[in-house]
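Letter by letter, the sequence shown follows residues 12 to 434 in the numbering used here.
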Amino acid sequence: MRIDFQAARVIRRAAATFFVWVLAVGYPALSAADAPANPQLSNWVRHALAESPDVQAAQAAVDAAQARLAGAGRPLNNPELEIEYERSDIDFATVGVSQTLDWHDKQGARQRIADASLVTTRTELTAARERIASELLAALAAYQAGQTQVELAERQTTLLQRFSELAQRRGHAGDLGTTEVQLAQLARVEGEIAAAGHQVALAEAHDALTRLTGTSRIPDVALPVVPAENLPVAGSAHDLAQRSPEVRVAQAQAQAANLSVRGADLDRRADPTIGIKGGKEDNQSLFGLNLSIPLQMRNDFSAEVAAVRSESTMAAHRLAQAERGARAQIESAQRRYRALRQAWQVWERAGESRLQQRLELLEKLWRVGELPTTDYLVQVQQTLDTESASLTLRRDLWQSWIAWLRAAGQVTQWLGLDSQGDE
Numbered sequence: 012m013r014i015d016f017q018a019a020r021v022i023r024r025a026a027a028t029f030f031v032w033v034l035a036v037g038y039p040a041l042s043a044a045d046a047p048a049n050p051q052l053s054n055w056v057r058h059a060l061a062e063s064p065d066v067q068a069a070q071a072a073v074d075a076a077q078a079r080l081a082g083a084g085r086p087l088n089n090p091e092l093e094i095e096y097e098r099s100d101i102d103f104a105t106v107g108v109s110q111t112l113d114w115h116d117k118q119g120a121r122q123r124i125a126d127a128s129l130v131t132t133r134t135e136l137t138a139a140r141e142r143i144a145s146e147l148l149a150a151l152a153a154y155q156a157g158q159t160q161v162e163l164a165e166r167q168t169t170l171l172q173r174f175s176e177l178a179q180r181r182g183h184a185g186d187l188g189t190t191e192v193q194l195a196q197l198a199r200v201e202g203e204i205a206a207a208g209h210q211v212a213l214a215e216a217h218d219a220l221t222r223l224t225g226t227s228r229i230p231d232v233a234l235p236v237v238p239a240e241n242l243p244v245a246g247s248a249h250d251l252a253q254r255s256p257e258v259r260v261a262q263a264q265a266q267a268a269n270l271s272v273r274g275a276d277l278d279r280r281a282d283p284t285i286g287i288k289g290g291k292e293d294n295q296s297l298f299g300l301n302l303s304i305p306l307q308m309r310n311d312f313s314a315e316v317a318a319v320r321s322e323s324t325m326a327a328h329r330l331a332q333a334e335r336g337a338r339a340q341i342e343s344a345q346r347r348y349r350a351l352r353q354a355w356q357v358w359e360r361a362g363e364s365r366l367q368q369r370l371e372l373l374e375k376l377w378r379v380g381e382l383p384t385t386d387y388l389v390q391v392q393q394t395l396d397t398e399s400a401s402l403t404l405r406r407d408l409w410q411s412w413i414a415w416l417r418a419a420g421q422v423t424q425w426l427g428l429d430s431q432g433d434e
């Protein structure tokens, strides 16, 4: 009898996915207590954020914007001192002071622009903290899923190793044919290969954590088994999108760009310069006043204003796109989470407690000869694949939860961290 292992593997995995998902139809949602972040998890994320180069760079940008705001609050022009002396047949000496006047309040415009830039950099800092915190949680969820998959693979390897040894003993006793003994050995080899693949996936998840935390030390924190039953903040996708870090950054950038248009328009306007001068020419006293105004005749700098106005329009369009993208992300994350949560509830009710019993029953049936070896292996693999699918489901449940938190700008709030640094 020829066995198509590839087809059997596809059938097992499809059946496992079907078992976990399709039973969700018709079951009511189960009530569950909220699962907020625990203090250990919050402290771990807080420390990782403090050590993150991206967060430190964003904080440096805030410091620079604060310095620029302080500079913008000072007078735009300094006075000029002019001293003139000439010794000839007639001695000539004068001292004068001139000052360019901020006739159009350019300083006020620059101060408002600098203040908007500070708001933008602070919003970008918040967005960086939200992004990195969500990446940390997602990487931790992937690492935990990888650990449980490795543990399951080790159980599978142990089970198939024992089965292969039993098959060999039964083959020596004449209870099993050569084909069935070889099939048991092939199943053991396949299990070892699968276990190696899970080890590789775990190593990749560990690498992702290392890149984010800067240390290869395995974190001694863990996410709860599953997140809360309900998403932490209710509201329409439109309202929640306004909390998105990307939307808030785009809003701040659009506001700063709008103020820059007014600033550019004021910069093109000429400011007068007045001066006063006094001195002596021989024995006669001198006194004079001076007024100068640039004539914007050859270049009125309107092109610069048009460029800034176009940049403001671009920022407004980017804001509209950010809002559209945030709404789509929130709606998608909500749908994914609800579907995955319902499937998880069905798994808790219908599948979790029965898998071990099923494995024990299958082995008993095979031992007494009521279940052929091929059928036993297929059903064992289907049972283990079902449990593996449940682990993947738990990982995806956390990933969808984290994706919603990030889209709605709620990651640091869920962790109990202050969005500006938790100082």
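Idealized CB from N, CA, C, for every residue including glycine.
In chain order, what residues of the same chain lie with their CB nearer than 7 Å to the CB of residue i, ignoring the 5 residues before and after it?
{"i": "Gln-179", "result": "Val-192"}
{"i": "Gln-196", "result": "Ser-175"}
{"i": "Arg-406", "result": "Ala-152, Ala-153, Ala-156"}
Kindly indicate the opening and closing residues of the beta strand (DSSP E) around residue i.
{"i": "Ala-184", "result": "That residue, Ala-184, is in no beta strand (DSSP E); it is neither H nor E in DSSP."}
{"i": "Gly-290", "result": "284-292"}
{"i": "Ser-109", "result": "103-111"}
{"i": "Ile-204", "result": "Premise fails: Ile-204 lies in the alpha helix (DSSP H), 189-224, not in any beta strand (DSSP E)."}
{"i": "Leu-251", "result": "It is not in any beta strand (DSSP E) - Leu-251 instead sits in the alpha helix (DSSP H) that spans 248-252."}
{"i": "Leu-92", "result": "91-97"}
Would you check if the distance between the CB atom of residue i and the CB atom of residue j is smaller than 8 Å?
{"i": "Arg-338", "j": "Ala-252", "result": "yes"}
{"i": "Leu-402", "j": "Ala-156", "result": "yes"}
{"i": "Leu-87", "j": "Ala-125", "result": "no"}
{"i": "Gly-289", "j": "Ser-109", "result": "no"}
{"i": "Ala-248", "j": "Glu-342", "result": "yes"}
{"i": "Pro-283", "j": "Ser-303", "result": "yes"}
{"i": "Val-232", "j": "Arg-279", "result": "no"}
{"i": "Arg-57", "j": "Leu-428", "result": "yes"}
{"i": "Pro-238", "j": "Trp-55", "result": "no"}
{"i": "Val-260", "j": "Thr-134", "result": "yes"}
{"i": "Thr-132", "j": "Ala-72", "result": "yes"}
{"i": "Ala-275", "j": "Val-319", "result": "yes"}
{"i": "Ser-53", "j": "Val-422", "result": "no"}
{"i": "Ala-69", "j": "Ala-139", "result": "yes"}
{"i": "Lys-117", "j": "Leu-277", "result": "yes"}
{"i": "Leu-129", "j": "Gln-77", "result": "yes"}
{"i": "Gln-345", "j": "Trp-415", "result": "yes"}
Going by alpha carbons, who is nearest to residue i out of the options?
{"i": "Thr-226", "options": "Arg-369, Arg-406, Leu-60, Leu-404", "result": "Leu-60"}
{"i": "Val-106", "options": "Gln-424, Trp-114, Leu-300", "result": "Leu-300"}
{"i": "Ser-100", "options": "Glu-292, Ile-287, Asp-113, Arg-347", "result": "One detail in the question is off: residue 100 reads as Asp in this sequence, not Ser. Looking at the Cα atoms, Glu-292 is the closest of the given residues."}
{"i": "Thr-224", "options": "Trp-358, Gln-210, Leu-148", "result": "Leu-148"}
{"i": "Thr-394", "options": "Leu-372, Ser-411, Glu-381", "result": "Leu-372"}
{"i": "Leu-194", "options": "Trp-415, Gly-208, Leu-177, Ser-321", "result": "Leu-177"}
{"i": "Arg-201", "options": "Ala-164, Tyr-348, Arg-140", "result": "For the sequence presented, residue 201 should be read as Glu rather than Arg. The residue with the shortest Cα to Cα distance from Glu-201 is Ala-164."}
{"i": "Leu-8", "options": "Ala-419, Arg-417, Leu-376, Arg-347", "result": "This structure gives no information on residue 8, because the portion of the chain shown stretches from 12 to 434."}
{"i": "Ala-419", "options": "Thr-384, Arg-335, Val-391, Ser-296", "result": "Arg-335"}
{"i": "Thr-397", "options": "Asp-311, Gln-340, Trp-358", "result": "Trp-358"}
{"i": "Ile-204", "options": "Thr-189, Pro-230, Val-161, Gly-185", "result": "Val-161"}
{"i": "Asp-311", "options": "Asp-386, Ala-281, Ser-323, Asp-102", "result": "Ala-281"}
{"i": "Gly-119", "options": "Ala-327, Arg-273, Ala-184, Gln-340", "result": "Arg-273"}
State the start and end residues of the unbroken alpha helix (DSSP H) segment that holds residue i.
{"i": "Gly-299", "result": "Segment 295-303 is the beta strand (DSSP E) holding Gly-299; no alpha helix (DSSP H) there."}
{"i": "Asn-269", "result": "256-278"}
{"i": "Arg-85", "result": "Neither: Arg-85 is in no alpha helix (DSSP H) and is coded neither H nor E."}
{"i": "Arg-405", "result": "384-418"}
{"i": "His-58", "result": "50-62"}
{"i": "Gln-307", "result": "Counting along the chain, Gln-307 falls outside any alpha helix (DSSP H), and DSSP gives it neither H nor E."}
Skipping 5 residues on each side, what residues in its chain have a beta carbon closer than 6 Å to that of residue i?
{"i": "Gln-122", "result": "Ala-83, Gly-84"}
{"i": "Leu-270", "result": "Arg-123, Ile-124, Ala-127"}
Grab me the residues of residue i's own chain with a C-beta within less than 8 Å of its C-beta, minus the 5 sequence neighbours each way, in chain order.
{"i": "Arg-199", "result": "Thr-168, Leu-171, Gln-172, Phe-174, Ser-175"}
{"i": "Ala-150", "result": "Ala-216, Ala-219, Leu-220, Leu-223"}
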